[in-house]
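Some notes on the structure that comes next.
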Amino acid sequence: SFRVDLPANLRRRGVHDVFHSSLLRIHEPNDDRLFPGRLESQVGEFEDRSDEWAIARILSHHGSGSGAIFEVEWRAGDQTWVPLDSIQHTRALDEYLEAQG
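Under the numbering used here, the letters of the sequence shown match residues 6 to 106, in that order.
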């Protein structure tokens, strides 16, 4: 993998700067005769999905102690199992444990 030096405005917009080598090609400057007006500012805007991977609620768990895993429903609607250490300091976990007694 390689870290690419992206312009500051793309980094602010959340464009990730690390790419696998199989995705990289040698840079060829834009030819205005073939592709007129190709500007960095023409890169599409991204939707604001800052809370897409926020936890909506914890549905259940399996195991105990540091080996416990939790079934999490994300705000995007997906449901996955995650280990305790990845959600340990979340409000959703506090609420789930309080409900469990």
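Cβ coordinates follow ideal geometry from the N, Cα and C atoms, glycine included.
Worksheet entry | Helix, strand or coil at Leu-39 [DSSP, three-state] | coil
Fill in: Three or more C-beta pairs below 8 Å linking the segment 57-77 and the segment 25-38
no
Item to complete: Have a look at Gln-93, Leu-11, Ser-71 and flag the residue whose alpha-carbon is nearest the alpha-carbon of Gly-19.
Response: Leu-11
Item to complete: Identify every run of the alpha helix (DSSP H) within the segment 67-105, keeping only runs that are complete inside it and at least 4 residues long; order them along the chain.
Response: Taken in chain order, the unbroken stretches of alpha helix (DSSP H) that lie wholly in the segment 67-105 and span 4 residues or more are 89-92, 96-105.
Item to complete: Please list, in chain order, all residues of the same chain as Val-9 whose beta carbon is under 7 Å from its beta carbon, the five residues on each side excluded.
Response: If we look at Val-9 and ignore the five residues flanking it on each side, its Cβ neighbours are Asp-22, Phe-24.
Worksheet item: Are Ile-92 and Glu-76 close, meaning C-beta to C-beta below 8 Å?
Response: no
Practice prompt. From the DSSP output, read off the bridge partner residues of Ile-60.
Written response: According to DSSP, Ile-60 bridges with Trp-79.
Worksheet item: In terms of residue numbering, what span does the alpha helix (DSSP H) encompassing Arg-16 cover?
Response: 13-17
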